[in-house]
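In this note's numbering, the protein residues as written are 7 to 213.
Just so it is clear, CB atoms sit at the ideal spot from N, CA and C, and this is done for glycine as well.
Because the structure is a prediction, the values reported are computed rather than measured.
Below is one structure, written out as C-alpha cells; the observations come after it.
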C-alpha cells in the first residue's frame, strides 16, 4: 500500500527536502521502502531528505573510500566498517547515512543479531561525507557538526572538487582544514588508517 501525504517540498542542490507533519518512524520506513535504492535520511526535526543519485565520479570516489576503510578495518580488527547504505539513528533522533562509517567492536557486538539487521541505534565512531557537485557545502558542514554533537569521535568532510578535507573532533570549535593533502590520517581514532587522496580527489587537469 502506498503512503500518500500532503508535503511541503523544497529542493536544495541535489537534495529534496520534504516537510512531513508529525512524521513517525513507521511513516519514514514506508517512505524508504517505496523509494528503495535512494538515499533517504531525516533531520532531528522530522524533515525527510531524499538525495539525488550521484554521477560516476562521485560514485568512484565513494567506492575508493569505502574499500580503503573496509580493508583497513579487516586488518585492524577492532571495529566494523559500513558503506553509504547503512542508516544510523543519532541520539537527537536524526537518521543519517554517512558515505562511510566505522564502529568499534565493543559497541557493534553489544547488539543482538536481530538488532544488527535494523538501522544502527547509535552514532558511529567515525563518519565521512564526500561532497558531490550538487551537494551544499553549508548543509554538509551542518551535518558534520551534528555528527560531532551526537557522539561521532572523528568526522571527515571531503570536498573532492576543491581538494580540501575538513576534520571534525569533539571539543574543537572549528574543524581542522587540510588543503590538497596527499594522504589523510585517521590516528588516533582509527590507528594506522591513512587514506590516499588520489583515490578520492578529481585528477589535476594539465594545461
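Pick from the options that is closest to residue i, judged by C-alpha positions
i, options, result
"residue 84", "192, 109, 60", "109"
"residue 130", "166, 141, 96, 124", "96"
"residue 133", "106, 207, 204, 142", "106"
"residue 29", "186, 60, 49", "49"
"residue 181", "187, 202, 154", "154"
"residue 156", "99, 56, 40, 51", "99"
"residue 51", "179, 102, 116, 120", "102"
"residue 72", "61, 104, 170", "104"
"residue 56", "117, 140, 203", "140"
"residue 185", "117, 170, 199", "170"
Residue i and residue j closer than 8 Å at C-beta
i, j, result
"residue 172", "residue 163", "yes"
"residue 88", "residue 128", "no"
"residue 146", "residue 135", "yes"
"residue 111", "residue 86", "yes"
"residue 206", "residue 67", "yes"
"residue 197", "residue 82", "yes"
"residue 138", "residue 60", "yes"
Whole-angstrom distance between residue j and residue i, CA atom to CA atom
i, j, result
"residue 209", "residue 167", "9 Å"
"residue 53", "residue 34", "10 Å"
"residue 193", "residue 201", "11 Å"
"residue 191", "residue 179", "20 Å"
"residue 183", "residue 165", "11 Å"
"residue 39", "residue 64", "24 Å"
"residue 126", "residue 118", "11 Å"
"residue 14", "residue 189", "With a pLDDT of 42 at residue 14, under the threshold of 50, the predicted position of this residue should be treated as unreliable, though the coordinate-derived value follows. Going from the Cα of residue 14 to the Cα of residue 189 covers about 42 Å."
"residue 120", "residue 36", "20 Å"
"residue 122", "residue 113", "11 Å"
"residue 204", "residue 80", "22 Å"
"residue 69", "residue 187", "19 Å"
"residue 158", "residue 199", "17 Å"
"residue 116", "residue 195", "20 Å"
"residue 7", "residue 62", "At residue 7, the pLDDT of 31 sits below 50, so the modelled position is not reliable and the matter cannot be decided from this model."
Quiz item: How about the region 45-52 and the region 62-77: do they share at least three Cβ pairs that are nearer than 8 Å?
Solution: Output reads no: the region 62-77 does not touch the region 45-52.
Quiz prompt | the region 135-151 in contact with the region 166-186 per 3-pair CB rule at 8 Å | solution = Judged by pairs of C-beta atoms under 8 Å, the region 135-151 touches the region 166-186, as three or more such pairs exist.
Quiz item: Which runs of the alpha helix (DSSP H) fall wholly inside the region 74-125 and span at least 4 residues, in chain order?
Solution: Counting whole runs of 4 or more residues, the region 74-125 contains the alpha helix (DSSP H) stretches 111-114, 119-122.
Exercise. Can you check the region 29-66 for any beta strand (DSSP E) of at least 3 residues that lies completely inside it and give the ranges in chain order?
Key: With a minimum length of 3 residues, the continuous beta strand (DSSP E) runs that stay inside the region 29-66 are 45-48, 53-57.
Quiz prompt | In chain order, each beta strand (DSSP E) run of at least 3 residues that lies wholly inside the region 131-161 | solution = Complete beta strand (DSSP E) runs here, min 3: 132-137.
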